[in-house]
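Notes for the one structure printed next.
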Amino acid sequence: MIVVGISVTSQIEAAVTRNSASATALYVDSVIAPLLPDMRRSEVLEESVAHALDETLGQGALGTRLESFKLWRRDGTILYSTNKNLVGKRFPLSDNLRAAFAGDIVAELDRHYDNQAERDSGLHLLEIFNPMLQPWSGEVVAVLEFDEIATDFEKDLRQALVRTWFDVAAVTAVFFLGLSVIVVRGSRTIRSQSRSLKQRIAELSDLVVQNRMLRLRVQRASQRATALNERYLRR
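Numbers 16 to 250, taken from the working numbering, label the letters of the sequence shown in order.
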């Protein structure tokens, strides 16, 4: 049960993470993409674009859901970030970024705190790497990296895991109940067959005794007949 539960919950967690990331990425992409220029030709973002991103990310649903936001170029340069100290800097591409530039939406629940502020908040973050595709060609021209506050996600995940463990426990209970019924029925059958076998053995033993007594009687009768014949012949 434990092995099955762990396997199923791992798959459930991966599926919930993937679905949540896809939904958030679709929403963010629909809001952010119209603000960006042609990323194949833009080496840097104009100040007006950066200002528009600041306003968009600082208000509404994005302002409350996103903890941080970065726009990555394929060479590892950060074109935009809510942390202004990172803008224009270039970093080696992580495995998640490489996967995103390959066209995959990558999501990972980060339970580790990178700084004291995150540690004090006690909030976990859902890190999402969303590839930005060029219209028509489908080419990945940039990657949006954003950290979503995972409070609602973790709540949904806990509920899904609780339901999963309940279902696994229920199925296991039904399985063992069915197995118990089979064992009980088998035990009854064995006891019944054992009683029947003992009865047959007893009957066979009685027959053996009867046959032995009958054989003795036959022997005695034969002996008496022989004796009578001898007496008759002597006369």
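Even glycine gets a Cβ: it sits at the ideal position worked out from N, Cα and C.
DSSP on residue i, reduced to helix/strand/coil?
i	result
Leu51	coil
Leu108	coil
Leu194	helix
Ala38	helix
Tyr117	The sequence shown places Ala at residue 117, rather than the Tyr named in the question. Coil at Ala117, not helix or strand.
Trp180	helix
Leu60	coil
Glu335	This structure cannot speak to residue 335, because the chain is shown only from 16 to 250.
Ser83	strand
Val46	helix
In the DSSP assignment, what are the bridge partners of residue i?
i	result
Glu123	Glu142
Glu147	First, the amino acid is wrong: residue 147 is Met here, not Glu. Answer by DSSP bridge pairing, in chain order: Ala157.
Alpha carbons only, please: which of the options is nearest the one belonging to residue i?
i	options	result
Val64	Glu82, Thr204, Leu108 and Ser96	Ser96
Asp90	Asn100, Lys99, Ser109 and Gly73	Ser109
Exposed or buried, residue i, counting other C-beta atoms within 10 Å across all chains shown (16 or more means buried)?
i	result
Trp151	exposed
Lys85	buried
Asn145	buried
Ile47	buried
Ala157	buried
Phe106	exposed
Leu112	buried
Val177	exposed
Phe116	buried
Gln131	The predicted model places Gln131 with a pLDDT of 48, which falls under 50 and marks its position as unreliable, so this point remains unresolved.
Are the C-beta of residue i and some C-beta of chain B separated by less than 8 Å?
i	result
Val196	In summary, chain B is missing from the structure at hand, where a single protein chain is found.
Could you tell me whether the segment 150-166 touches the segment 77-91, using the rule of 3 or more Cβ pairs below 8 Å? yes
Would you check if there are 3 or more beta carbon pairs closer than 8 Å linking the segment 138-157 to the segment 37-50? yes
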